[in-house]
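Trainee: Heads up, the numbering used here is the position in the sequence shown plus 2, with the first residue counted as 1.
Just so it is clear, CB atoms sit at the ideal spot from N, CA and C, and this is done for glycine as well.
First the structure, then my questions, so here it is.
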Amino acid sequence: MEDRTLDDIRADVGECTRCKLHRSRTTIVFGEGDPRACIMFVGEGPGAEEDAQGRPFVGRAGQLLNRMIEAMGFRREEVYITNVVMCRPPSNRTPEPDEIATCEPFLFRKIRVIKPDVVVALGAIAAQSLLGTKAPIGQIRGRFFDAHGTKVLPTFHPAFLLRAPERKREAWEDLKKVRDYVLSRSRSEEATR
């Protein structure tokens, strides 16, 4: 059966116990935003604040992501934000390969339902998951890749940028590419109406 809405996918996730991450989570952080968004942001996994609130990117990294989205000329409500894994890994460790493999099908289904013009992969885990690569983020960031029926552009994770603010300029250059691509697509769609 094909998913028609994000609610279909959320119902299928249910109270997931498919991997060991369910044992330590408070809540499943499914994702939020416009179900018809032209831009989708995908991070690694929920942190402590996200786990407590059940919303993605609400901590310090989320505040930076909000500023990045606003700098692009969008509001958080106009994009869709999610993560590769929906449950917080203990002590904010990196998700393990089996945990990623368990959640990936749900992420890919979300992309098929939303049909964004661009998926912004925030950090190495998201980029590697979305692109099926082991390449480090420094080698693949700032370029468009075709994957999952859309464009994927990897960039630095906001949490990394909080630790390495000198890299913010590079991330901004990446996000300007996303903005310009989305705006050019919307202009070409208006011209064909």
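1. Need the endpoints of the alpha helix (DSSP H) that valine 115 sits in, please.
2. Histidine 150 and phenylalanine 108 look like a contact to me (Cβ under 8 angstroms); what is the Cβ gap, rounded to whole Å?
3. Return helix, strand or coil for glycine 47, following the three-state DSSP convention.
4. Between Phe162, Asn68, Ile71 and Thr29, which has its C-alpha nearest aspartate 53's C-alpha?
5. Of all Cβ atoms in chain C, is any one closer than 8 angstroms to the Cβ of alanine 166?
6. What would DSSP say about phenylalanine 162, mapped onto helix, strand or coil?
7. Please look up how many angstroms separate the CB atoms of lysine 179 and leucine 163, rounded, as I've assumed it's under 8 angstroms.
8. If you reduce the DSSP assignment to three classes, tell me which class glycine 144 lands in.
9. Work out the CA separation of isoleucine 113 and glycine 144 for me, nearest whole Å.
10. What does the Cβ neighbour count give for glutamine 65, buried or exposed, with the cut at 16 atoms within 10 Å?
11. Taking all protein chains shown into account, do 16 or more other C-beta atoms lie within 10 angstroms of the C-beta of glycine 140, making it buried, or fewer, making it exposed?
12. Output needed for aspartate 119: all residues of its chain with C-beta closer than 8 angstroms, excluding positions within five of it in sequence on either side, in chain order.
13. From what residue to what residue does the beta strand (DSSP E) around leucine 155 run?
14. So what's glycine 35 in DSSP terms, helix, strand or just coil?
15. Provide the residue(s) that pair with alanine 149 in DSSP beta bridges, ordered along the chain.
16. On the DSSP letters alone, give me the boundaries of the alpha helix (DSSP H) that valine 60 sits inside.
17. Run through DSSP, which three-state label would isoleucine 11 get?
18. Tell me which residue opens and which closes the alpha helix (DSSP H) that alanine 193 is part of.
19. Take glycine 47 and list the residues in its own chain whose beta-carbon comes closer than 6 angstroms to its own, dropping the five residues that flank it on each side.
20. Under 6 angstroms Cβ to Cβ from phenylalanine 59, same chain only, skipping five residues before and after it: list those, please.
21. Aspartate 176: buried (16+ other C-beta within 10 angstroms of its C-beta) or exposed?
Mentor: By the coordinates alone:
1. 99-116
2. Contact doesn't hold; Cβ gap of about 13 angstroms is too wide.
3. DSSP places glycine 47 in coil when its eight states are reduced to three.
4. Thr29
5. The structure shown has no chain C; it contains just one protein chain.
6. helix
7. Separation of the CB atoms of lysine 179 and leucine 163 is rounded to 17 angstroms, and the pair is thereby denied contact status at 8 angstroms.
8. coil
9. 20 angstroms
10. exposed
11. Answer is exposed; the Cβ neighbour count stays below 16.
12. Cys40, Ile41, Thr152, Lys153, Tyr183, Val184 and Arg187
13. 152-157
14. strand
15. Thr152
16. Valine 60 -> no alpha helix (DSSP H), and no H or E assigned at all.
17. helix
18. 170-193
19. Excluding positions up to five away in sequence, the list reads Asn85, Val87, Pro91 and Pro97.
20. Leu67 and Ile83
21. buried
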